[in-house]
């Protein structure tokens, strides 16, 4: 919960993005710990985040979803880093990814400068940044075509003018993976989202054209390798063997 962060000078804004009755009841119980509560129709993560940030009065912003949580020390450690170095535009950290069965893995984002964000998100979707940078780059893209990748594209725009993402190398974020979540579903349409990002930032990718071509060829090679591995698998060969008579019947 945000109110458990040990950083004292904080403002907590809760955005109710069309939640169900159970969540609404929980929100009512959290009112004493919350400075502002906003309610909206289910409009998506980008709209919810932009609306919350518009209402904020602080210098630093940290978003996260209700399923996830940070360790209490994250805010104070992130603010200390950003106050000490104007070139740090984003602060992220190692993350424990979990589901209803427990811990899945520990994810260690790479962070770094713009180049590290060209082909993948090198920070967690929930990370600290300055409100001034949010204003300069126009906030999160609210277009439905980018849903699920809005954090990555937002970080790209923040870093277009320089600076880098700093990684706290401790597990300070706990991220819930749900089988029906946007994040779980989005991997199946990643190419479509990446195409959207390239078309939105043509100059950026023209300036890194060789790296883009190298990246696309690596993905193609990996796709071919995975396809061959499936075709060489015993299950695939058995399936083909069992289906062979039916294919002959169809031809006849």
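In the working numbering, the protein residues as written are 12 to 263.
Here a beta-carbon is modelled for each residue, glycine too, at the ideal position from N, C-alpha and C.
Model, not experiment: these values are computed from the prediction.
query	result
In terms of DSSP beta bridges, what is residue 114 paired with?	109
Considering only residues of the same chain and omitting the five flanking positions on each side of residue 167, which have a CB-CB separation below 6 Å?	128
Does the separation of the CB atoms of residue 176 and residue 123 fall below 8 Å?	yes
Where does residue 55 fall in DSSP's three states?	coil
By DSSP, does residue 138 sit in helix, in strand, or in coil?	coil
For residue 202, count neighbouring C-beta atoms within 10 Å of its own C-beta (all shown protein chains included) and say buried if the count is 16 or more, exposed if not.	exposed
Out of 111, 47, 14, state which residue places its alpha-carbon closest to the alpha-carbon of residue 188.	111
Jot down the residue ranges of each uninterrupted beta strand (DSSP E) in the region 61-111, minimum 3 residues, whole runs only, in chain order.	71-73, 99-110
Report yes or no: do the region 19-26 and the region 56-72 share at least 3 C-beta pairs separated by less than 8 Å?	yes
Can you have a look at residue 125 and say buried or exposed, based on whether 16 or more other CB atoms are within 10 angstroms of its CB?	buried
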